[in-house]
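Here is the structure we will look at, set down as structure tokens.
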Amino acid sequence: MPDPSINLAGFKLANPVMTCSGTSGYAFEYADFMDLSRLGAFVTKSITREERAGNEPTRIVETRAGMLNAIGLANVGLDRFLAEKVPLIRKMPCPVIVNVAGHSYGDYCETCAAMNDLDCVGAVELNVSCPNVKDGLTFGTHPGRLKELTGMVKKVLPSKPLIVKLSPNVDDITQTARATIDGGADIISMINTFTAMAIDIHKKRPRLANVTGGLSGPAIKPIALHMISRVYRSVAKSAGVPIIGMGGIQFWTDAVEFLLAGASAVGVGTALFVDPAAPNKILQGIVDYMQKTGIDHLQDIIGALQLPGDQPQSAPYP
């Protein structure tokens, strides 16, 4: 059988399929609908130092090819996370990545430092790019601040791989990717949602109470692929920094596209609202694809996309 395992900067996963932060709760919320043991990794909802109620409703709006969310990082906060959620995370049958958000350098550093000695936490993902909180893009759209933040967090998190989640709401995502790597990030995840809005034509008002929210789902997949390909070729490949790709992945064919574009693993988010078992089905599709095309190791297809001008390369698949 093909081997779908992958090594992300020393963070070893049995397969490349994981959940996206904010879509699956803290631990076992989806256990009745998918086999958690078949996930490459589970990514928690964002944790902040202080408990957050989030934005006022309406906070989720369905769109033609995805959805808008303006949850506003609602979460239980660090103290309750440690007391109530960590005991559950210790029982999870797959590696767990904790997503951390904040409003200041101190917020991020204190929360990440608390994760460093938790043996049940495999890695930490920095959410520096949430588009539906007022200061959520302060770090994610500013290369200098992003590099500084990454370096500060890396110092208080010496025992865990550090993942930084990039915002697509920038002029040139390769600049923030390079800043993140220069700051010491071990892994990049991309992309987060796009700032967008919807209007109620009868009330003549925005459909979200927050006015704008983050657009996710199949609508953003082609843009996500393009950005991942650019970052992989321009920055990440030469630096040896793996990418976790996300943005509209719903079927196994989507996931394979992301792998070919340069992602070493993939995150499934909005698709869970349509089919909670999507990650398990995507994994099976990837394994079947590898078997049918004679690919023994997942690494062999990562970044194998051939663009005009590339040197031809032999491959065990058409």
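Take any residue in the sequence shown, note its place counting from 1, add 13, and you have its number in the numbering used here. Each residue gets a CB set at the ideal place from its N, CA and C atoms; glycine is no exception.
With residue i as the anchor, note down where its beta strand (DSSP E) starts and where it stops.
| i | result |
| --- | --- |
| F24 | 24-26 |
| V113 | 109-113 |
| L228 | 226-229 |
| I19 | 19-21 |
| L49 | Element bounds for L49: n/a, residue is neither H nor E. |
List the residues that DSSP assigns as beta-bridge partners of residue i.
| i | result |
| --- | --- |
| A54 | M31 |
| I212 | P219 |
| E42 | None; E42 has no bridge partner. |
| A136 | I110 |
| D16 | H310 |
Under DSSP, the alpha helix (DSSP H) around residue i begins and ends at which residues?
| i | result |
| --- | --- |
| S202 | Element bounds for S202: not the alpha helix (DSSP H) but the beta strand (DSSP E), 200-203. |
| A126 | 118-128 |
So which of the options has the shortest CA-CA distance to residue i?
| i | options | result |
| --- | --- | --- |
| L49 | N88, T71, C107 | C107 |
| A333 | S37, G35, M47, F264 | Outside the shown range of the chain, which is 14 to 331, sits residue 333, and nothing can be said about it. |
| N68 | G227, F55, I214, A87 | A87 |
| D288 | F152, Q312, Y39, Y43 | Y43 |
| S247 | T187, D301, M259 | T187 |
| G135 | R158, F152, V111, V141 | V111 |
| M210 | T163, I308, E75, M259 | E75 |
| F286 | I176, G230, K168 | G230 |
| T208 | N82, F55, N28 | N82 |
| V244 | V30, Q304, K178 | K178 |
| M1 | K25, A27, M31 | Lying before the first or after the last residue shown, residue 1 is absent from the chain, which here runs from 14 to 331. |
Mark residue i as exposed unless 16 or more other C-beta atoms lie within 10 angstroms of its C-beta, in which case mark it buried.
| i | result |
| --- | --- |
| K171 | As written in the sequence, residue 171 is Pro, which differs from the Lys given in the question. The residue in question, P171, is exposed, as its Cβ has fewer than 16 Cβ neighbours within 10 Å. |
| M14 | exposed |
| G119 | exposed |
| L150 | For L150, the predicted structure reports a pLDDT of 46, less than 50, and the residue's modelled location is therefore unreliable. The matter cannot be settled from this model. |
| N359 | The question about residue 359 has no answer here: the residues shown for the chain are numbered 14 through 331. |
| K173 | buried |
| A278 | buried |
| P17 | buried |
| N145 | Reliability of the predicted coordinates at N145 is poor, the pLDDT of 49 falling under 50, and no value is obtained from them. |
| G23 | exposed |
| T266 | exposed |
| E270 | buried |
| L139 | buried |
| S242 | buried |
Verify the contact flag: residue i, CB atom, against every heavy atom of the ligand GTP, threshold strictly below 7 Å.
| i | result |
| --- | --- |
| W265 | Of the ligands one can find in the structure shown there are none, so the ligand GTP has no counterpart to examine. |
Length-filtered (4 minimum) alpha helix (DSSP H) runs lying within the region 232-293: 234-244, 265-274
If we require 4 or more residues per run, which alpha helix (DSSP H) segments fall completely within the region 148-190? 156-169
Segments assigned beta strand (DSSP E), at least 3 residues, entirely inside the region 55-113: 73-76, 79-82, 109-113
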